[in-house]
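Worksheet: the structure to be examined is printed underneath.
Chains as they are written, first to last, in the working numbering: chain E, 107 to 460; chain R, 205 to 507.
Next comes the structure, spelled out in structure tokens:
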């Protein structure tokens with residue numbers, strides 16, 4: 107089966123500004139795909155090109171194998187959930203949801219049936235007669251979703267749809283959205299700048315910056331093995347250490363300590379290695395670290411209590427390390443100023459490019 | 205306001221805010237408000253409300269055979285005369301003209317306002333100034349200019365003749381009045397429409413397009429209904445003054461095209477029938493008031 111969305115060398119220029127630069131991306135049928143990046147990275151422009159609100163300056167955009175070219179939004183088999191919901195304020199909830207079907211000249215009786223079904227799917231059948239202004243933020247969000255899904259689009263585009271909601275509601279909506287997506291089986295393309303949101307819901311995530319797609323992977327690979335400094339830094343907390351390549355499996359820090367790492371570089375090259383704070387363990391200097399683990403010596407400069415975890419800042423020759431240790435009696439606590447050894451599994455570190 | 209309403213603590217009598225104190229403070233607030241509004245209120249009472257009352261009283265008075273208004277023998281004769289076929293004819297003509305002016309203004313202004321509202325901020329502001337420039341010169345002078353433009357010897361007529369056509373004979377007709385009124389009141393339509401369209405959330409139109417509406421349908425179902433407050437405000441701003449227009453018809457209109465404004469003036473001056481003139485004024489006022497209220501109510505319901 108053809109991919110739901112195929113972008114081949116898609117670029118978008120606004121005057122001198124390159125908003126999207128030579129994007130190549132295939133999104134599978136039924137996939138929950140997120141475009142993740144900081145504001146201005148080109149993720150929303152990409153979504154708008156799929157929707158038909160913007161046309162690519164160059165490149166080809168296909169939906170289920172059909173070239174979209176200069177097709178206007180109303181001729182595309184996609185629907186959008188807008189960031190601000192964009193519910194029609196002069197229509198009732200019911201009229202809002204029925205709008206797309208009405209425009210497609212669907213039979214009146216069928217419209218009523220499908221609207222009712224869509225509204226009950228988002229648990230808002232009882233607000234059919236209400237105007238959008240009478241609804242809470244979460245309810246509006248659901249109506250925007252129902253208004254798009256009722257048309258059974260081939261691809262649903264979502265532009266930061268949870269951005270306006272408060273944290274609690276956002277978290278429950280994330281789960282709800284993911285469940286809804288697997289139930290209806292429609293391809294979701296989800297734009298967000300919130301890495302937590304992307305990790306929670308997505309089958310795959312594409313990270314964008316400066317108009318370029320940097321890495322496309324499933325959440326776990328993206329988190330565990332970022333390929334670039336930007337991706338490593340953007341998703342979660344991470345330590346970036348500078349080292350020199352010794353050979354294919356060995357690096358050396360500035361103080362001469364060596365560590366195992368898959369480098370893939372040539373001897374003498376300077377590389378950046380990335381390690382997540384929770385993958386680091388702390389040991390007393392005299393203690394022997396478990397075999398097979400890399401170690402680096404340093405001094406605790408700060409200790410912060412977070413309830414479930416302790417955060418340590420450890421100053422080492424290779425740079426500052428943030429270490430996250432679980433708050434359990436079996437885990438030894440270190441004081442500020444204490445000399446320690448930080449250790450990690452060689453497989454938990456990744457060499458990233460700048 | 206953070207004014208502390210409590211008296212100094214040294215006062216042994218009162219130590220906290222009581223309902224009485226609060227009421228006093230509210231009264232003081234109201235008095236201050238009245239003082240601020242007083243100059244404008246006084247002006248309106250003297251030069252608007254009082255004359256209105258006089259007109260109202262006069263409309264029930266009697267006209268003497270010499271054309272004086274006698275403040276006696278109160279009667280409804282002037283109001284009875286409102287049902288005179290001649291009055292009906294003039295009123296109908298005025299309403300039709302005002303309606304035509306409003307509709308033409310709306311049709312001309314909407315695309316302009318739409319264009320303005322969808323430009324960059326710089327272009328918008330330049331265009332706004334351009335729309336308002338006519339206000340900088342006198343309305344009378346501008347209306348006289350139309351007399352030159354539309355005259356049989358005017359540039360339009362000459363152009364028509366140069367192209368082998370007939371001379372244009374439009375001056376002193378209803379058409380000339382219509383042209384003058386549309387010209388004069390166009391900005392009053394453009395500005396509220398622009399204000400409504402400028403506030404427009406264009407993502408709603410995108411949502412419409414996304415939900416399979418063509419550009420035209422999205423305009424009909426979304427843009428236009430959402431700009432209705434502007435349409436209503438603009439229509440009222442054009443319709444009401446044109447219904448009672450006096451200057452434009454006097455300069456550009458002919459003798460056969462008496463309108464309400466004209467007719468009322470002639471009752472006060474030429475015919476020397478102040479009671480009837482007053483009754484006419486009052487009737488027009490009442491009808492416009494009712495129409496405006498109805499218009500606003502229905503308009504508000506649609507939003």
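Every residue gets a Cβ at the ideal spot worked out from N, C-alpha and C, and that includes glycine.
For residue i, which of helix, strand or coil comes out of DSSP?
i	result
residue 507/R	At residue 507/R the pLDDT is 48, less than 50, meaning the model places this residue with poor confidence and gives no usable figure here.
residue 205/R	Per-residue confidence for residue 205/R stands at a pLDDT of 46, beneath the threshold of 50, marking its modelled position as unreliable; the derived number appears in the next sentence. Correct three-state label for residue 205/R: coil.
residue 382/R	helix
residue 420/R	helix
residue 392/E	coil
residue 174/E	coil
residue 436/R	helix
residue 278/R	coil
residue 228/E	coil
residue 314/R	helix
residue 425/E	strand
residue 358/E	strand
residue 168/E	strand
residue 193/E	coil
residue 112/E	strand
residue 311/E	strand
residue 268/E	coil
residue 457/R	coil
residue 253/R	helix
residue 482/R	helix
Give the single residue among the options whose Cα lies nearest to the Cα of residue i.
i	options	result
residue 353/E	365/E, 346/E, 137/E	365/E
residue 372/E	349/E, 394/E, 393/E	349/E
residue 209/E	461/R, 424/R, 473/R	424/R
residue 347/E	378/E, 239/E, 256/E	378/E
residue 130/E	138/E, 116/E, 123/E	116/E
residue 433/R	502/R, 488/R, 368/R	502/R
residue 113/E	142/E, 156/E, 284/E	156/E
residue 204/E	448/E, 325/E, 222/E, 124/E	222/E
residue 346/R	239/R, 229/R, 494/R, 452/R	452/R
residue 284/E	414/E, 442/E, 121/E, 137/E	137/E
residue 190/E	234/E, 250/E, 163/E	250/E
residue 450/R	461/R, 440/R, 391/R	461/R
residue 457/R	498/R, 381/R, 268/R	381/R
Ends of the beta strand (DSSP E) at residue i?
i	result
residue 326/R	From DSSP, residue 326/R is part of no beta strand (DSSP E) but of the alpha helix (DSSP H) over 325–336.
residue 128/E	123–133
residue 376/E	376–381
residue 293/E	293–298
residue 403/E	400–411
residue 445/E	445–450
residue 349/E	345–353
residue 142/E	138–142
residue 318/E	318–323
residue 364/E	364–366
residue 457/E	456–458
residue 377/R	Premise fails: residue 377/R is in no beta strand (DSSP E) and is neither H nor E.
residue 186/E	184–187
Give the interface partners of residue i over in chain R, defined as CB-CB distance under 7 Å, in chain order.
i	result
residue 188/E	407, 411
residue 205/E	415
residue 400/E	Those do not exist, as residue 400/E stays about 51 Å from chain R at its closest Cβ, beyond 7 Å.
residue 299/E	Within 7 Å Cβ-Cβ: nothing; residue 299/E doesn't reach chain R, min ~18 Å.
What in chain E is Cβ-close to residue i, meaning under 9 Å?
i	result
residue 421/R	180, 209
residue 418/R	178, 180, 209
Over what stretch of residues does the alpha helix (DSSP H) that includes residue i continue unbroken?
i	result
residue 206/E	199–209
residue 281/E	273–290
residue 409/R	406–414
Show which residues of chain R have a CB atom less than 8 Å away from the CB atom of residue i.
i	result
residue 243/E	Here the premise fails: no neighbours, minimum Cβ distance about 16 Å.
residue 192/E	405, 407, 408, 410, 411
residue 109/E	Correct list: empty, because the minimum Cβ distance to chain R is about 21 Å.
residue 185/E	414, 415
Comparing the CB of residue i with every heavy atom of the ligand NAP, is any distance shorter than 7 Å?
i	result
residue 142/E	Within the structure as shown, the ligand NAP is missing, as the structure has no ligands at all.
Anything in chain R within Cβ reach of residue i, meaning under 9 Å, just list it in chain order.
i	result
residue 232/E	Chain R residues near residue 232/E: none, gap ~23 Å exceeds 9 Å.
Residues of chain E with a CB under 8 Å from the CB of residue i: which are they?
i	result
residue 429/R	196
Residues of chain E with CB closer than 7 Å to the CB of residue i, please, in chain order.
i	result
residue 426/R	194
What residues in the region 120–140 of chain E bring their beta carbon closer than 9 Å to a beta carbon of chain R? Under the 9 Å Cβ criterion, the region 120–140 of chain E contributes no residue.
Using a Cβ cut-off of 9 Å, which residues of the region 156–183 of chain E contact any Cβ in chain R, in chain order? If you check each beta-carbon in the region 156–183 of chain E against every beta-carbon of chain R, the ones closer than 9 Å belong to 157, 158, 159, 178, 179, 180, 181, 182.
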